[in-house]
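Just below is one structure, and these are the notes that go with it.
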Amino acid sequence: MTLAHRPSVVAVVVTYQPALEVLKQLLDALVPQVTSVVVVDNGSHSDLAAWNSERDTRVVELLRLGENRGIAAAQNAGIQWARNRGARFVLLMDQDSIPAPDMVEKLVSTISEQDSPATAGPRYLDERQDNPPPFIRVRGLRLERCICSTKASVVPVDYLISSGCLIPMPVLDKVGGMRDDFFIDYVDIEWGLRARHYGFQSYGVCSAHMQHSLGDHPIKLFSKNIPLHSPLRHYYHFRNAVLLYKEPWVPLNWKLVDGWRLCLKYVFYSLFAKPRMAHWRMMTLGVWHGLIGRSGKLKRCTS
């Protein structure tokens, strides 16, 4: 795809206390693939403005929110920035994800070939894991882990991780933006299920690749590395899961399957994630706040 015939793709990179060298690698890999990039910063302490001034600001623009408003609010701000500039597609990226040189081209091509596409996302590799994680979907009361049968496979899924997701702007206009009262966690899951509710399908693209780090240092259990987040992230994870289960448009079988997984995570992290009491306390608080309908940024945190 030549530059002249490339559709307008605006990449939205959300940052919070980023490692600047990794961010540089991301932008260096991303800029040649898209029309422009907006870095939406959630109140980082580092002087990103001075750092970014050394780059070509005609391609990379910095949008500073001044405080940590959460990933969903930052994504929405970036999406609006892209909409105001007539973008045809929005590419969501985390600060620690590195796309392959042809990732965007593969995603655009896949969306153009599918019926009612909500979003297309790459197969990502976490170097701390042994294998690329599979794409996930729920069928009946069973969770299917969909591996790539061929390098060219395109897998219909219920949702994708937000980093690397290419979304057509008309889909965002129809489905709406990210749910910013979730703050962080389950934001991508909620949006993917909502898009599906509106009749759009998400696709995992096996030929599109990206490096991505999921969670903090993983817990090794037997031969598996289990992703681990902080106690605060576990609060949002459990709270937002419960909030999502309360939505009437979410399929019952999906709630049952994901709810069972959430129970297993609750037991596992209570036993194996250190400090155990901090994880247990924040997960329990998250469940309680989800049940009583509390959302937004957690005002008080003792973790």
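This note's numbering applies: residue 909 is where the sequence shown begins, and numbers increase by one. Yeah, the Cβ is synthetic: ideal placement off N, Cα and C, and Gly gets one too.
Item	Value
Rounded C-alpha distance that separates K1205 from P1076	29 Å
Cβ separation of R1031 and C1114, assumed to be a contact under 8 Å, to the nearest whole Å	5 Å
Whether V1150 touches A980 by CB criterion (7 Å)	no
Proximity below 7 Å, CB of S1005 to CB of Y1067	no
Q925 versus H953: straight-line alpha-carbon distance, rounded	6 Å
Contact under 7 Å by Cβ, V968 with L934	no
Buried versus exposed call for I1069 [16 or more other C-beta atoms within 10 Å across all chains shown]	buried
Top-ranked residue by Cα proximity to V1158, from I1097, M1086 and A1116	I1097
Straight-line Cα distance separating S961 from S1057	44 Å
Where R1050 sits in the DSSP three-state scheme	strand
C-beta atoms of R1050 and P1042 nearer than 7 Å	no
Ranges of the beta strand (DSSP E) found wholly within the stretch 1009-1044, counting only runs of at least 3	1025-1033
Spatial neighbours of K1154 in its chain, beta-carbon cut-off 7 Å, leaving aside the 5 residues before and after	none
Close-in-space but distant-in-sequence residues of the same chain around V942 (CB under 8 Å, 5 per side omitted)	V917, V918, A919, L999 and V1012
Rounded separation between G1084 and L973 - CA only	21 Å
Three-way DSSP call (helix, strand, coil) for Q1109 in this model	strand
Any alpha helix (DSSP H) of 4 or more consecutive residues that is wholly inside the stretch 962-1006	979-992
Segment limits, beta strand (DSSP E) that includes L1074	L1074 to P1076
Residues of its chain near S1024, where Cβ-Cβ distance is below 7 Å and the 5 sequence neighbours each way are ignored	G1107, F1108 and Q1109
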